[in-house]
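Protein chains in written order, with this note's numbering: chain A, 108 to 432; chain B, 108 to 432.
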């Protein structure tokens, strides 16, 4: 068994950081150690809460997560912040989970911040984040916040790995302007309008009222809770306690009606499907016979004698999946 | 052979629309007919140009594409507009490729507009768009414009299926505010600052100058062209002719140095890989033995006796891929 297991379970932060690096590694021996570690900790039943927090760049995710995290710590929580940033695989860097933007949390003994791993493909980022959640929870962090950008596919993937999904909105702009699609609002269990202070306060209150009205029109959710819109200011601190209370109330209520457990189980099954797909492709990449056949087909596609579609079909036929299983 | 082939090759728009519907269908018989059709048209060598145009909601994609498309038609082109909108699979609808937002193009006999298919998963949308490009080209459309939203993964996928990728930017906001990541700018062969008219003109010119300076710092590209920043106004028409000229110059120059052909070949090979993956998974979904084993493993994951990771590994082992190939 990995020598990281014991210190990890004792909450050793260096061991935790090393364990996360291990799951992000592509080296087969690292991967084997990581999986053994994940199996070992899978047995432990832990009482934890997982929140997804999303919003477009500029909405103030880092400052809000810092304020919220410090509040949670004051309430006795140990807080881990993980980031999922699909764009970091393009740009090679991420501003999510940036420790310099969360200076108080970064210094707290009760917090753990981990930026998004860069240069991993999208599916890889989410698989690793899911595994990182298991690790931080095993290390005793009771509240896990997964931060993501409010644009595109990553919200759906984050919503699929948390107990509650929260969308941050800027005061005073329509959702088209914020790049927020209706579908993302529908994923959200709580809408928080940020920067509700000073000159922006009246606008924030107006946006809150607009969304409160709009949310009433949404169909009921599986968890039985009606999403709310609230205003919050990381600067003044106004609304932070309320936001935290809303988050607790949601968890308590979904634990009461059974949704919480049901949802986690469903998420686990979905994660198994996703991981199966990426593992299958990885396994193929290690097969010499497969690579040879693929090279042969690629050559025909390059020459133009075979279309991409026909080449794909030929390669699937080569595997003989349909016959063997 | 599909009865659609002949009318499609003659440029019959109804046949084209039906052929695209066919490739988007999930019915196996439709899919078989679609693939036969794609094979039949794959043999034809056509002289076409493929442009990707991206930008955040509100940047004025539809109006610019309309102005640019009408200009291209006046220059003798036949213009097809296809849309890739990953968010349409969330929201169930798309504002891209919306005919009502391109009223002139929608009425032109020399244009064909196709909105993004909704309710398909992201990979599905791009595969189908790639196939739709082949169909519109076979039907005699010489300029294909693929429209996408300027946020996230879809740009990369669109950049991977076009000859030239163009990013639209709003005048007077930094790229973080526009949700544009550095990586997207690096993908772009041309930056066009939109709405360069009236009060916004000076701001647009300033943004043009900023990007012109910034683009000089980027590493040289494989195609040997230096990306430019230009200003354009769909309203006044100013810059439309210049933009079209830049697009032609890029194509001519990359055709001259061999990049154009090389790039299309590489794109074809990459498309084969992508389609292989989705076809492989589809084939598995049709195997009863596989589904049974997956159900068995799922049950253990639900009970909590097996982690998602271990379940995924067990399912890959069941396939015996590594042994068979």
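No residue lacks a Cβ here, since even glycine has one placed at the ideal position from N, Cα and C.
Just so you know, these numbers come straight off a predicted model, no measurement behind them.
Buried or exposed by the 16-neighbour rule on C-beta atoms within 10 Å, applied to residue i
i, result
"residue 261 of chain A", "buried"
"residue 401 of chain B", "buried"
"residue 78 of chain B", "Residue 78 of chain B cannot be examined here, being either before or after the span of chain B that is shown, 108 to 432."
"residue 150 of chain A", "exposed"
"residue 169 of chain B", "buried"
"residue 403 of chain A", "exposed"
"residue 188 of chain B", "buried"
"residue 207 of chain B", "exposed"
"residue 241 of chain A", "buried"
"residue 415 of chain A", "buried"
"residue 109 of chain B", "buried"
"residue 243 of chain A", "buried"
"residue 123 of chain B", "buried"
"residue 323 of chain A", "exposed"
"residue 309 of chain B", "exposed"
"residue 325 of chain A", "exposed"
"residue 164 of chain B", "buried"
"residue 420 of chain A", "buried"
Span separating the alpha-carbon of residue i from that of residue j
i, j, result
"residue 185 of chain A", "residue 318 of chain A", "32 Å"
"residue 364 of chain B", "residue 116 of chain A", "59 Å"
"residue 468 of chain B", "residue 266 of chain B", "The requested residue 468 of chain B does not occur in the structure, where chain B is confined to residues 108 to 432."
"residue 387 of chain B", "residue 139 of chain B", "16 Å"
"residue 60 of chain B", "residue 341 of chain B", "Nothing about residue 60 of chain B can be reported from this structure: the residues present for chain B run from 108 to 432 only."
"residue 336 of chain A", "residue 311 of chain A", "11 Å"
"residue 264 of chain B", "residue 302 of chain B", "26 Å"
"residue 305 of chain B", "residue 374 of chain B", "41 Å"
"residue 274 of chain A", "residue 321 of chain A", "15 Å"
"residue 256 of chain A", "residue 212 of chain A", "20 Å"
"residue 339 of chain B", "residue 162 of chain B", "14 Å"
"residue 254 of chain B", "residue 159 of chain B", "6 Å"
"residue 332 of chain B", "residue 370 of chain B", "14 Å"
"residue 135 of chain B", "residue 366 of chain B", "37 Å"
"residue 245 of chain A", "residue 118 of chain A", "8 Å"
"residue 424 of chain B", "residue 397 of chain B", "11 Å"
"residue 426 of chain B", "residue 152 of chain A", "31 Å"
"residue 344 of chain B", "residue 316 of chain B", "20 Å"
"residue 413 of chain A", "residue 422 of chain A", "12 Å"
"residue 131 of chain A", "residue 329 of chain A", "33 Å"
"residue 126 of chain A", "residue 418 of chain B", "21 Å"
"residue 362 of chain A", "residue 411 of chain B", "18 Å"
"residue 247 of chain A", "residue 141 of chain A", "18 Å"
"residue 133 of chain A", "residue 290 of chain A", "34 Å"
"residue 209 of chain A", "residue 239 of chain A", "19 Å"
"residue 327 of chain B", "residue 360 of chain B", "15 Å"
"residue 128 of chain B", "residue 249 of chain B", "21 Å"
"residue 399 of chain B", "residue 372 of chain B", "40 Å"
Cutoff 8 Å; reference residue i; Cβ partners in own chain excluding five residues on either side
i, result
"residue 351 of chain B", "175, 178, 179, 182"
"residue 445 of chain A", "The requested residue 445 of chain A does not occur in the structure, where chain A is confined to residues 108 to 432."
"residue 377 of chain A", "267"
"residue 217 of chain A", "180, 184, 185, 186"
Contacting residues, own chain, Cβ-Cβ under 6 Å from residue i (five flanking each side not counted)
i, result
"residue 157 of chain A", "251, 269, 270"
"residue 137 of chain B", "129"
Closest by C-alpha distance to residue i, when choosing among the options
i, options, result
"residue 215 of chain B", "B:239, B:173, B:234, B:246", "B:173"
"residue 295 of chain B", "B:344, B:120, B:272", "B:272"
"residue 166 of chain A", "A:154, A:376, A:298, A:366", "A:298"
"residue 292 of chain B", "B:415, B:334, B:278, B:137", "B:334"
"residue 347 of chain A", "A:171, A:141, A:325", "A:171"
"residue 234 of chain A", "A:210, A:360, A:192, A:397", "A:192"
"residue 307 of chain A", "A:279, A:290, A:316", "A:279"
"residue 121 of chain A", "A:360, A:220, A:421, A:426", "A:220"
"residue 349 of chain B", "B:368, B:362, B:300", "B:300"
"residue 368 of chain A", "A:419, A:247, A:155", "A:155"
Distance cut-off 7 Å: residue i Cβ against heavy atoms of the ligand MG
i, result
"residue 314 of chain B", "For the ligand MG, the structure offers nothing, since it holds no ligand at all."
Same chain only: Cβ atoms within 7 Å of residue i, ignoring 5 sequence neighbours per side
i, result
"residue 114 of chain A", "122"
Three or more C-beta pairs below 8 Å linking the segment 377-388 of chain A and the segment 397-410 of chain A: no
The segment 387-394 of chain A / the segment 338-358 of chain B touching (three or more Cβ pairs under 8 Å): When C-beta atoms of the segment 387-394 of chain A are compared with those of the segment 338-358 of chain B, fewer than three pairs fall below 8 Å, so the two segments do not count as touching.
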